[in-house]
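Comments concern the structure below.
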Ligand code: SF4
Ligand code: SF4
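Protein chains in written order, with full-length UniProt numbering: chain A, 1 to 87; chain P, 1 to 380.
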């Protein structure tokens, strides 16, 4: 929870109006993200810890309840896909 | 709704834009995907014309942008084009042989906002690399540039074009990439268009060679995964050894838009060889090219398909394969890609495989991609 997730070099997260979605861009590739993945990645800035990210998301989406499980699961998955690294 | 609007609704945006900014290149790879008669096409788009293409593409939804060629570094306005592209919000990829690159340029591209540089190699050792590239100093330069790219904080993406003369080097190539600290390694066996089609007999690996290479790559993938390495091996095998064709470009005019050096817009970088008229960005907006031009609509959907594709239940999966391959191997671009074993022309693929088992041609017998050879093709 004290680890700081950061996008791997060469990865970019951005809003694409034409696709009406956030995407993750990387060398010669692009994934269209669903809403929860976008919400989490929008808080990944290379400075905030996982705990801080969870807290901010819980504030942003009070109706969603506890988010720690979902966030950790997603970040774990993103790390295995080598989208992000933990510093 | 007018008919044009209706069809526009079904056709998705071109998410991928490939800007082939020039056909000029200091190397002479015998598998180059440029047209055989590239030397005839010397009217390159101006900086302003490229900027306009970039703006139009981005407004239509293109997010990935590749600068390729030829050797894109030959264009003096490349930093300007990169800066414009980045400002527009593209993810910008530079696909280069590394020749003509230096530390200062890498740095200036970084400042301009370039996202990724892919350096292509011809082999894992200097002799073979330089023989294939038709240049004596290419290898050292490439090594230095791969390192410079990494030092500047880019992901390191290395591309090796694989053929019968280097496929035995798979282990060495992967070793080299590990030493360099590559993030992505593309081991791309030649696709037989352009110069590679001309040289197919001298390039295509045999089934036995391919089997060994696949085994080696898979074993290394496993070791890398076990070691927690982030280096990713992408092995593109030749479709000549498949029984179903690839879903070429993810469907004609569905995601990819290529603009050639002279402004010709193409659904794929080799489509120029087809007997179809393609529009030019000098005469028409990119939007009307993508949605309304006969060239781009030619093979959309499936109503153009003859048998066996027409009544095939797999047509939504592979769209009948590659039009260029159908044309090169059967003389009619409407036909099923002969890679498919349902195609009545599949015997041509089988014949190429048999030829690959017995091929003896050395590197020196290949036709190298240079202006002199290109002019011969134009006349011939
Ligand atoms: S394949 Fe070789 S010859 Fe062709 S553009 Fe690339 S580096 Fe130049
Ligand atoms: S017959 Fe045509 S559509 Fe069917 S699998 Fe073969 S190439 Fe694809």
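Every residue, glycine too, gets a C-beta built ideally from N, C-alpha and C.
The region 142-165 of chain P: positions lying closer than 7 Å to chain A by Cβ = 153, 154, 155, 157
Which value, in whole angstroms, describes the spacing of the CA atoms of residue 82(P) and residue 93(P)?
-> 9 Å
Would residue 295(P) count as contacting chain A if we go by Cβ distances under 9 Å?
-> no
Any C-beta of chain P sitting closer than 9 Å to the C-beta of residue 47(A)?
-> At a cut-off of 9 Å between C-beta atoms, residue 47(A) does not count as an interface residue with respect to chain P.
For residue 178(P), I'd like the list of residues in its chain whose CB is within less than 7 Å of its CB, leaving aside the five on either flank, ordered along the chain.
-> 231
Just reading off the alpha helix (DSSP H) that residue 52(P) is part of, what are its end residues?
-> 47-60
Grab me the residues of residue 247(P)'s own chain with a C-beta within less than 7 Å of its C-beta, minus the 5 sequence neighbours each way, in chain order.
-> 317, 318, 319
Leaving out the 5 sequence neighbours to the left and right, which residues in its chain are closer than 7 Å to residue 115(P) when beta-carbon positions are compared?
-> The answer, listed in chain order, is 91, 92, 93.
Is it the case that the Cβ atoms of residue 351(P) and residue 336(P) are separated by a distance below 9 Å?
-> It is not a contact, given that the beta carbons lie outside the stated cut-off.
Which residues DSSP lists as bridging residue 184(P), in chain order | Note: residue 184(P) sits in a beta bridge opposite 157(P), 232(P).
Cβ of residue 82(A) within 9 Å of any chain P Cβ = yes
Taking buried to mean at least 16 other C-beta atoms within 10 Å of its own C-beta, is residue 163(P) buried or exposed?
-> buried
Should residue 269(P) be labelled buried (16 or more other beta-carbon atoms within 10 Å of its own) or exposed?
-> Around the beta carbon of residue 269(P), 16 or more other beta carbons lie within 10 angstroms, which makes this residue buried.
Under the criterion of a Cβ to heavy atom distance below 8 Å, does residue 248(P) qualify as lining ligand 2?
-> no
Within the same chain, show all residues whose beta-carbon is closer than 8 Å to that of residue 158(P), passing over the 5 residues directly before and after it, in chain order.
-> 118, 119, 120, 121, 146, 177, 180, 182, 184, 185, 186
Compute the beta-carbon to beta-carbon distance between residue 20(P) and residue 260(P), rounded to the nearest angstrom, for a pair I have assumed lies under 8 Å.
-> 5 Å
Please classify residue 297(P): does DSSP put it in a helix, a strand, or coil?
-> helix
9 Å Cβ cutoff met for residue 45(P) and residue 263(P) = At a Cβ-Cβ threshold of 9 Å, residue 45(P) and residue 263(P) count as neighbours.
Spell out whether any CB of chain A is found under 9 Å from the CB atom of residue 291(P).
-> no
Residue 6(P) CB to nearest chain A CB: under 9 Å?
-> In this prediction, residue 6(P) has a pLDDT of 43, which is less than 50 and means its spatial position is unreliable; what the coordinates show is noted afterwards. With 9 Å as the cut-off, residue 6(P) does not count as an interface residue toward chain A.
Should residue 245(P) be listed as close to ligand 2, given that the test is whether its C-beta is under 8 Å from any heavy atom?
-> Checking every heavy atom of ligand 2 against the Cβ of residue 245(P), one is found closer than 8 Å.
Beta-carbon of residue 8(A) versus every beta-carbon of chain P: anything under 9 Å?
-> yes
When the Cα of residue 10(P) is compared with those of 222(P), 341(P), 300(P), which residue comes out closest?
-> 300(P)
Nearest residue (CA-CA) to residue 199(P), options 367(P), 89(P), 22(P), 166(P) = 367(P)
Listed from N- to C-terminal order along the chain, which residues in the region 16-31 of chain A have their beta-carbon within a distance smaller than 7 Å of any beta-carbon of chain P?
-> 16, 18, 19, 23, 25, 27, 28, 30
Residue 171(P) in three-state terms, based on DSSP = helix
If you draw a straight line from the alpha carbon of residue 137(P) to that of residue 26(P), how long is it in whole angstroms?
-> 11 Å
Pick out whichever of 87(P), 84(P), 73(P) has its Cα sitting closest to the Cα of residue 106(P).
-> 73(P)
Residue 236(P) versus 213(P), 139(P), 296(P), residue with shortest Cα-Cα distance = 213(P)
Kindly give me the distance between the Cβ atoms of residue 51(A) and residue 33(A), rounded to whole angstroms, as I take these residues to be in contact under 8 Å.
-> 22 Å between Cβ atoms; not a contact.
Quick one: Cα of residue 324(P) to Cα of residue 72(A), how far?
-> 47 Å
With 9 Å set as the bound, which would you pick, yes or no: does the beta-carbon of residue 93(P) sit closer than that to a beta-carbon of chain A?
-> yes
Under 7 Å Cβ to Cβ from residue 152(P), same chain only, skipping five residues before and after it: list those, please.
-> For residue 152(P), where only same-chain residues beyond five positions count, the Cβ hits under 7 Å are 106, 107, 110.
Please confirm whether residue 62(P) and residue 17(P) have their CB atoms less than 9 Å apart.
-> yes
What residues from chain P crowd round residue 14(A), counting only those whose CB sits closer than 9 Å?
-> 63, 89, 91
Within-9 Å CB hit, residue 191(P) to chain A | no
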